[in-house]
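Sequential numbering from -8 applies to the sequence shown in the working numbering. Ideal Cβ positions, reconstructed from N, Cα and C, are used throughout, including at glycine.
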Amino acid sequence: MEVAWEEFGIDLDYSPASLESVDVQVESLREDGLTGEGAAEALFVLGCYVGEVMARALGGRWVATARSPLAQISPWPMVVMLRDGSAWDPIGKVYKRLELGDSEYIPAYFAAAAAGGAR
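See the structure below:
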(Lines of atoms letter the chains of each structure in order from A and count residues from 1; the text may use other names and numbers.)
(Lines give C-alpha, C1' and ligand atoms only; values in the text may rest on other atoms or scores of the structure.)
Protein backbone atom coordinates (compact mmCIF):
# COMPACT_ATOMS: atom_id res chain seq x y z
CA MET A 1 0.00 0.00 0.00
CA GLU A 2 1.82 3.02 -1.29
CA VAL A 3 0.33 5.59 1.10
CA ALA A 4 1.31 3.53 4.16
CA TRP A 5 4.80 3.04 2.81
CA GLU A 6 5.27 6.76 2.23
CA GLU A 7 3.56 7.90 5.43
CA PHE A 8 4.89 5.33 7.90
CA GLY A 9 7.77 3.56 6.18
CA ILE A 10 6.03 0.18 6.39
CA ASP A 11 5.35 -2.22 3.56
CA LEU A 12 1.86 -3.67 3.62
CA ASP A 13 1.03 -6.66 1.42
CA TYR A 14 -2.67 -7.20 2.25
CA SER A 15 -1.93 -10.36 4.23
CA PRO A 16 -3.52 -11.01 7.63
CA ALA A 17 0.02 -11.13 9.07
CA SER A 18 0.56 -7.51 7.99
CA LEU A 19 -2.07 -6.39 10.49
CA GLU A 20 0.59 -6.71 13.18
CA SER A 21 2.49 -3.86 11.48
CA VAL A 22 -0.68 -1.76 11.47
CA ASP A 23 -1.18 -2.43 15.17
CA VAL A 24 2.42 -1.45 15.93
CA GLN A 25 2.01 1.76 13.95
CA VAL A 26 -1.19 2.73 15.78
CA GLU A 27 0.49 2.02 19.11
CA SER A 28 3.35 4.28 18.05
CA LEU A 29 0.88 7.08 17.32
CA ARG A 30 -0.68 6.45 20.73
CA GLU A 31 2.69 6.59 22.49
CA ASP A 32 3.38 9.88 20.72
CA GLY A 33 0.27 11.27 22.43
CA LEU A 34 -1.78 11.73 19.27
CA THR A 35 -5.55 11.79 19.45
CA GLY A 36 -8.10 10.58 16.93
CA GLU A 37 -8.44 14.11 15.69
CA GLY A 38 -4.70 14.68 15.46
CA ALA A 39 -4.10 11.44 13.59
CA ALA A 40 -7.36 11.32 11.62
CA GLU A 41 -5.87 10.92 8.16
CA ALA A 42 -3.43 8.21 9.21
CA LEU A 43 -6.10 6.32 11.16
CA PHE A 44 -8.55 6.46 8.27
CA VAL A 45 -5.94 5.11 5.82
CA LEU A 46 -4.92 2.34 8.21
CA GLY A 47 -8.56 1.47 8.92
CA CYS A 48 -9.27 1.19 5.21
CA TYR A 49 -6.26 -1.08 4.88
CA VAL A 50 -7.52 -3.32 7.71
CA GLY A 51 -10.90 -3.51 5.99
CA GLU A 52 -9.36 -4.37 2.65
CA VAL A 53 -7.35 -7.19 4.26
CA MET A 54 -10.58 -8.49 5.78
CA ALA A 55 -12.47 -8.25 2.50
CA ARG A 56 -9.76 -10.02 0.53
CA ALA A 57 -8.92 -12.73 3.05
CA LEU A 58 -12.41 -13.46 4.35
CA GLY A 59 -14.52 -12.92 1.27
CA GLY A 60 -16.16 -9.59 1.88
CA ARG A 61 -16.84 -6.23 0.33
CA TRP A 62 -17.14 -2.62 1.35
CA VAL A 63 -20.72 -1.36 1.68
CA ALA A 64 -22.05 2.15 2.26
CA THR A 65 -23.68 2.85 5.60
CA ALA A 66 -25.61 5.98 4.61
CA ARG A 67 -29.37 5.64 4.72
CA SER A 68 -29.16 2.02 5.83
CA PRO A 69 -29.42 0.10 9.11
CA LEU A 70 -25.62 -0.23 8.97
CA ALA A 71 -25.35 3.41 10.02
CA GLN A 72 -26.22 2.18 13.53
CA ILE A 73 -22.97 0.24 13.82
CA SER A 74 -20.58 2.82 12.43
CA PRO A 75 -20.31 6.58 12.05
CA TRP A 76 -18.07 5.98 9.03
CA PRO A 77 -19.44 6.01 5.48
CA MET A 78 -18.55 2.36 4.89
CA VAL A 79 -18.11 -0.97 6.62
CA VAL A 80 -16.95 -4.39 5.48
CA MET A 81 -19.71 -6.94 4.94
CA LEU A 82 -18.43 -10.50 5.02
CA ARG A 83 -20.01 -13.30 3.04
CA ASP A 84 -21.65 -14.64 6.21
CA GLY A 85 -23.62 -11.37 6.39
CA SER A 86 -21.73 -9.91 9.34
CA ALA A 87 -20.73 -6.25 9.15
CA TRP A 88 -17.40 -5.04 10.54
CA ASP A 89 -16.13 -1.52 11.22
CA PRO A 90 -12.35 -1.64 10.68
CA ILE A 91 -11.98 2.14 10.52
CA GLY A 92 -13.68 2.48 13.89
CA LYS A 93 -11.54 -0.35 15.24
CA VAL A 94 -8.32 1.48 14.37
CA TYR A 95 -9.61 4.59 16.15
CA LYS A 96 -10.50 2.46 19.20
CA ARG A 97 -7.01 0.95 19.15
CA LEU A 98 -5.54 4.45 19.41
CA GLU A 99 -8.00 5.47 22.12
CA LEU A 100 -8.07 2.34 24.29
CA GLY A 101 -4.74 0.63 23.67
CA ASP A 102 -3.90 -3.07 23.71
CA SER A 103 -7.44 -4.20 24.51
CA GLU A 104 -8.29 -3.30 20.90
CA TYR A 105 -5.51 -5.38 19.33
CA ILE A 106 -6.09 -5.29 15.56
CA PRO A 107 -4.94 -8.85 14.68
CA ALA A 108 -7.41 -10.18 17.29
CA TYR A 109 -10.19 -8.23 15.54
CA PHE A 110 -9.33 -9.98 12.28
CA ALA A 111 -9.21 -13.35 14.07
CA ALA A 112 -12.67 -12.72 15.55
CA ALA A 113 -14.04 -11.89 12.10
CA ALA A 114 -12.42 -15.02 10.66
CA ALA A 115 -14.00 -17.12 13.41
CA GLY A 116 -17.39 -15.45 13.05
CA GLY A 117 -17.04 -13.78 16.46
CA ALA A 118 -18.26 -10.53 17.97
CA ARG A 119 -17.37 -7.22 16.38
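If we call anything under 8 Å between Cβ atoms a contact, is Gly140 one with Ile1?
What the structure shows of the chain is the stretch from -8 to 110, and residue 140 is not part of that stretch, so it cannot be assessed.
Just to confirm the assignment, what range does the alpha helix (DSSP H) spanning Gly42 have?
Position 51 of the sequence shown, counted from the first residue, corresponds to residue 42. From DSSP, the alpha helix (DSSP H) with Gly42 extends over 31 to 49.
If you follow the beta strand (DSSP E) that Leu73 is in, where does it begin and where does it stop?
As a working note, residue 73 is residue 82 in the sequence shown. Element bounds for Leu73: 69 to 73.
Please state if the CB of Val71 and the CB of Ala46 are separated by a distance shorter than 8 Å.
The count along the sequence shown starts at 1 and reaches residue 46 at position 55. The count along the sequence shown starts at 1 and reaches residue 71 at position 80. Taking 8 Å as the Cβ cut-off, Ala46 and Val71 qualify as a contacting pair.
Whole-angstrom distance between Ala99 and Ala111, CA atom to CA atom:
Since the displayed the chain opens at -8 and closes at 110, residue 111 lies outside it and no answer follows.
If you draw a straight line from the alpha carbon of Arg21 to that of Leu89, how long is it in whole angstroms?
Position 30 of the sequence shown, counting from 1, holds the residue named residue 21. Position 98 of the sequence shown, counting from 1, holds the residue named residue 89. Taking the straight line joining both Cα atoms gives about 5 Å.
Leu111 vs Leu10 beta-carbon contact at 8 Å
For the chain, the structure presents residues -8 to 110; residue 111 sits outside this window and is missing.
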